[in-house]
Structures are given as structure tokens and as C-alpha cells.
Amino acid sequence: PTGPFRDIGRPLFDFGFPTIDAHPFIASDGTKYLFFSMDQVPTFGGRHESHIYGIRLSDDLRSVVGEPVFLLRPDQPWEMRSGNSLWNEAPYVIEREGTFYLMYSANFFGGRDYSVGYATAAHPLGPYTKYAGNPILSRGAWGGRLSGPGHHSVVASPDDTELFIVYHIHADPAAGGGDRRVAIDRMGFRPDGSLYVSGPTLTPQPLPSGATELVNLAPYATLSTDQESSQDRLWALTDGEITVDAAKADNEWTTEGATAWIRLSWDRVQRARQLFIYGSVLANRRPLTAAVTLSDGTQLQGIEFPRDPGAAAIVDLPDERDITWIEIALEGFSTLRPELALSEVIVLGYPGGLPGAATGSVWISSPKRAAVVADRTPVRVEALNVSVEHVRLELDGEVFYEGPHRPHYGTVDPWALAEGTHRITAVVKDVSGLEFRYVSEFVVQHVALRSPEWGDPVTGELVIELEAVIPAEHGKSFDLHLVPAGGADRAVPVYSDTEV
684 PTGPFRDIGR PLFDFGFPTI DAHPFIASDG TKYLFFSMDQ VPTFGGRHES HIYGIRLSDD
744 LRSVVGEPVF LLRPDQPWEM RSGNSLWNEA PYVIEREGTF YLMYSANFFG GRDYSVGYAT
804 AAHPLGPYTK YAGNPILSRG AWGGRLSGPG HHSVVASPDD TELFIVYHIH ADPAAGGGDR
864 RVAIDRMGFR PDGSLYVSGP TLTPQPLPSG ATELVNLAPY ATLSTDQESS QDRLWALTDG
924 EITVDAAKAD NEWTTEGATA WIRLSWDRVQ RARQLFIYGS VLANRRPLTA AVTLSDGTQL
984 QGIEFPRDPG AAAIVDLPDE RDITWIEIAL EGFSTLRPEL ALSEVIVLGY PGGLPGAATG
1044 SVWISSPKRA AVVADRTPVR VEALNVSVEH VRLELDGEVF YEGPHRPHYG TVDPWALAEG
1104 THRITAVVKD VSGLEFRYVS EFVVQHVALR SPEWGDPVTG ELVIELEAVI PAEHGKSFDL
1164 HLVPAGGADR AVPVYSDTEV
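Going by this note's numbering, 699 is the number at position 16 of the sequence shown; the sequence numbering is gapless.
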């Protein structure tokens, strides 16, 4: 993926019409496709439309097989908000359990109604049926404070357990146009296979799963409430979907009354650190305040709910708490027909208390996963609910400690390691002989480029700044070259010395 890339020296195809937004896709059976938008062709009545097509690619990706297949055109009511110029563009395809999801953007990219929808098919080249609940990403409840979310990609979290949609929004919602910035939000699948997006959001959200040592403990909890009429809707609190669009408010947990409580309980002790409590997207159902009680007696009062769509009441617990349940008491408006609703509850903590030896009651807290290691770092292994008898630690497959449990196990010396990703594996046995295994990764980087930053315009004198955190006894020489893109044989030496 880092190249070098070479131009094949000719167009991949030319069917006599303008094309944009090419998206290559490889299906699970290995077949290869290219999806693209036929840009703004005249139709009837003076209208111009952009349509989405797909075509089969050769195995070497250097030619096409057959003719392009028409897939989508603007035909749903939400796609008709750009006057006489209509768009279906920016295709992006994902595959899940035999179904192909063709996601796309509609309306003018410079206007506030630019949004994302999707269609499904049993084959990459269709026929596709558009989702009746489109759009799945729009400015929605944001009104004039956010504009034009669209033209996206889909990426997975570091541990492949979550999906994220990465897309544009306008830098100035009032002006719209081509000045845009990048946004990212969670997305996922409902039990019926339909797609949802927990966005757009403009407020802090939990980091992607696998980016830190914290995990969401809420899906492993048993949920209960004092509201008998809403017992069968408790699943909505941990289904992963955060409601941002008022049209999707039916997906929330809702109960009648101005007060209510919910409880999350675990069979084993959990070490919790932080709560994200998402109120309803509808103001009349959003709680005013909440109080949190932990099984260890800790009480947190007066928690207020923010008004922004997709925003959570974020509760930082005092230190890390070992608990078996969390109770959240809600208080809302006292009206003639009061209602309370929550969209989602996330409990961030450590994986040690989760069921099963594979996820384990053991984890590695240092070095941090995906952290840049620039100094000697202690190796720490945490154990919860485990009477440790024996510990074996491996660094990149080589055993560097074997023996009894300790507060820490020496240090990792980054200068003895090559730059890149390294893996520590902990194998822990308890007194009964049960084995627990945990794997953590960290990144070693010795030298970093500080300026120019990628994308900086360069005029006049170019200032190059490096940061090197290598001890003098390890640094022998530093050589800096400027390499023209695609021309390694034309590298220009800029600096060479024993110091940086």
C-alpha cells in the first residue's frame, strides 16, 4: 500500500462519458469490480443526473471485463433537493453475510442536504434495492449547525470489532460549498441486516475498540429497570446504535413517567473507568439529570445531559472502580404525559472481568497498545479475580520472563528493537492450572518528522525539522534525502552528520 505506484500508461476504460468517484472492490470470492459515477448527463425535461455504474475488473486490475452495468439513479424523495441537477455518486461497497451494501451520496455536494444512503443486492453488480429508511447519514436534528455530510469511506477499528464511516462536512455550515473537513462516526448493522450510522456527531465519543486498553463492558451486562412496561426494550441500551436523527427515535429505550432507573449487573467483578450515557434525540424525552450509584457505594449526583444530537453525558469515575453493578437513576420533565428515553449506555473498563479465559481476567497495561515508545518502559501485567501461580512473557515470540507474578517484569528497551510494531504475549496460570492469555502491541519510533507537515504548501525556503530521541551511544549517523515521488534514483542529499 505504500507503493511505489506506477501509471499503467492508458485509461482503464473510456466509454465516452465523464466518470468520477471510482471505488475498487474485491468480493469474498476474489472477483474484482470497479464502481463509479457517470457524472451529470442530460436526461429529459432539461434535468441533469449522475448515475452509479459498476464493472468487472480483470484479476490483475489492469483492464475491464465486459460493459458497465447501470446500478442506481436518483429516485427517492430525499434525493430530489437539488433542483434540476440530481446526484447519485460516491459509491462505496461492503459485503456482509452474502449481501452487498452499495452506499452512496445524493444531492449537491456543496449544499446542506448532501447525505448518504444505501442499497442492497445479492450480487456485486445488482440488481440493487434502495433502503426505505434512507438517508442513514444527514444533517438531521442539527438544523443549520452542520451541513452536507457525505462522500464517505468505511474503516474498521484496530481490533476489527467496530465499523466507522469517514466522510466530509462543510467547514462553514452557512456557506456550504467546497471547503470541507473530515468527520468520523460509528456505524453498524441492526439484527434485521439494515445499516445504521451513529452520527453525525460533533462531541467527544469513545475511542475505537482496540485503540486503548479500555473496552465497552455494557454488552456483557444483565439489564434491569423499575419500569415493567419497558423491560422488553432494554436491549436498545446496548445495541451500539446512537440516535442522532429524530426520524430514528423509535430505536431508543423509552418509558413512561418522569423518573426511572436502570441497572447493569455482571456475574464477575468488573474494573470500570468511565460512562457514556446518551439521552434521547428528542428534547421532550431527554432526561434532565441522572444519578449514578456503584455497587461499592460510590454515588455521583447531578449529572446533566447535553442537548447536542449524539452527545453523551460523560461520567468519569473516581479512580478505577471494582464493581458488580451500576445503577443509573433518571429524572425528566414533569408534564401531563411525561416520557423518558435513552439511546445508549457505554461502560468503559478493563477486559479482565469479562467471561472466558480467551478474553481473560489478565491484561497487559504497559507498554500501551499502539503507543510510541521513546524510553525504557516497564512491562506490567494486571490480574483481576485470578490467584496467579505462574507467568510467562514473550516479546515478539521470544520468552523474556518466566516465573512468579510481580508488580512489573523489567523494562522494554526500544533502542534494542527495530522501528515498527512489536507484540507482547502474557500467559498466566492460576493455582488451579487454568491458563489465561493476553496479547498487546506497541509501536517503536526513533525519529519523527515535525515539519513540513503533509499537505503544507511550500514557498521560498523549506524548513525541515526532525525529532530524534536516540541516546548518543546509539546514534551513529543521520542522513536526510529529498526523494521525488516515483523517482528514488533522483534523491537529493540534504544533510549528513553524526548529530541531528
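Using N, Cα and C, we set each Cβ at its ideal position, and we do this for glycine too. This structure is a prediction, so every number in the text was calculated from the model and none was measured.
Taking a cut-off of 8 Å for Cβ pairs, the segment 989-1000 and the segment 956-964 touch, as three or more such pairs fall below it. The alpha carbon of residue 870 has as its nearest neighbour, out of 781, 688 and 820, the alpha carbon of 820. Across the set 1063, 967, 1032 and 979, the C-alpha of 967 shows the shortest separation from the C-alpha of residue 1018. The Cβ atoms of residue 736 and residue 753 lie closer than 8 Å to each other. Taking a 10 Å sphere around the C-beta of residue 945, we find 16 or more other C-beta atoms and assign the residue as buried.
Take residue 765, set aside five residues on each side of it, and the residues of its chain with a beta-carbon closer than 8 Å to its own are 790, 791, 794 and 796, in chain order.
For the options 770, 773, 801 and 767, the alpha carbon positioned closest to that of residue 783 is the one of 801. The alpha carbon of residue 843 has as its nearest neighbour, out of 1180, 867, 974 and 891, the alpha carbon of 891. By the criterion of at least three beta-carbon pairs nearer than 8 Å, the segment 1116-1135 is not in contact with the segment 1082-1093. Assigned with DSSP and collapsed to three states, residue 771 falls in strand. Residue 860 is a Cβ neighbour of residue 853, given a cutoff of 8 Å. In the structure shown, residue 743 falls within a coil segment according to DSSP collapsed to helix, strand and coil.
Rounded to the nearest angstrom, the gap between the Cα atoms of residue 964 and residue 1064 is 41 Å. In the DSSP annotation of this structure, residue 892 is not part of any beta strand (DSSP E), being labelled neither H nor E. Looking at the DSSP output, residue 899 sits in a beta bridge with 1031. Note that the segment 968-976 touches the segment 1015-1035; at least 3 beta-carbon pairs, one per stretch, sit closer than 8 Å. 8 Å or more divides the Cβ of residue 1160 from the Cβ of residue 1147. With contacts defined by Cβ atoms closer than 8 Å, residue 832 and residue 865 do not form a contacting pair. Residue 958: member of the beta strand (DSSP E) spanning 942-962, first to last residue. Within the same chain, 1160, 1161, 1162 and 1163 come within 8 Å of residue 1179 by CB-CB distance, once the 5 residues on both sides are set aside.
Taking C-alpha positions only, residue 1085 is separated from residue 1182 by approximately 39 Å. Secondary structure remark: continuous beta strand (DSSP E) runs of at least 3 residues inside the segment 801-876, in chain order: 833-839, 846-853 and 863-872.
Cβ-Cβ separation between residue 954 and residue 1005: approximately 5 Å, consistent with a contact (criterion under 8 Å). In chain order, 795, 822, 852, 853, 856 and 859 place their CB closer than 7 Å to the CB of residue 830, counting only its own chain and leaving out the 5 sequence neighbours on each side. Here the alpha carbon of residue 813 sits roughly 16 Å from the alpha carbon of residue 880.
Here residue 899 is buried, its C-beta having at least 16 other C-beta atoms within 10 Å.
Note on residue 924: 16 or more other CB atoms within 10 angstroms of its CB, so buried under the neighbour-count rule. In the three-state DSSP reduction, residue 1072 falls in the strand class (E or B).
Rounded to whole angstroms, residue 745 and residue 751 show a C-alpha spacing of 15 Å. Spatial neighbours of residue 1177 in its own chain (CB-CB distance under 8 Å, excluding positions within 5 residues in sequence) are listed in chain order as 1147, 1163, 1164 and 1165. A Cβ-Cβ separation of about 7 Å places residue 734 in contact with residue 755 under the 8 Å criterion. When only Cα atoms are considered, residue 921 and residue 1105 end up about 33 Å apart.
For residue 987, the enclosing beta strand (DSSP E) starts and ends at 982-987. In the structure shown, residue 1100 falls within a coil segment according to DSSP collapsed to helix, strand and coil. Leaving aside the five residues that flank residue 878 on each side, the residues in its chain whose CB is nearer than 8 Å to its CB run, in chain order, 784, 786, 801, 814, 819, 870, 871 and 872. Residue 939 has its alpha-carbon roughly 8 Å from the corresponding atom of residue 1020.
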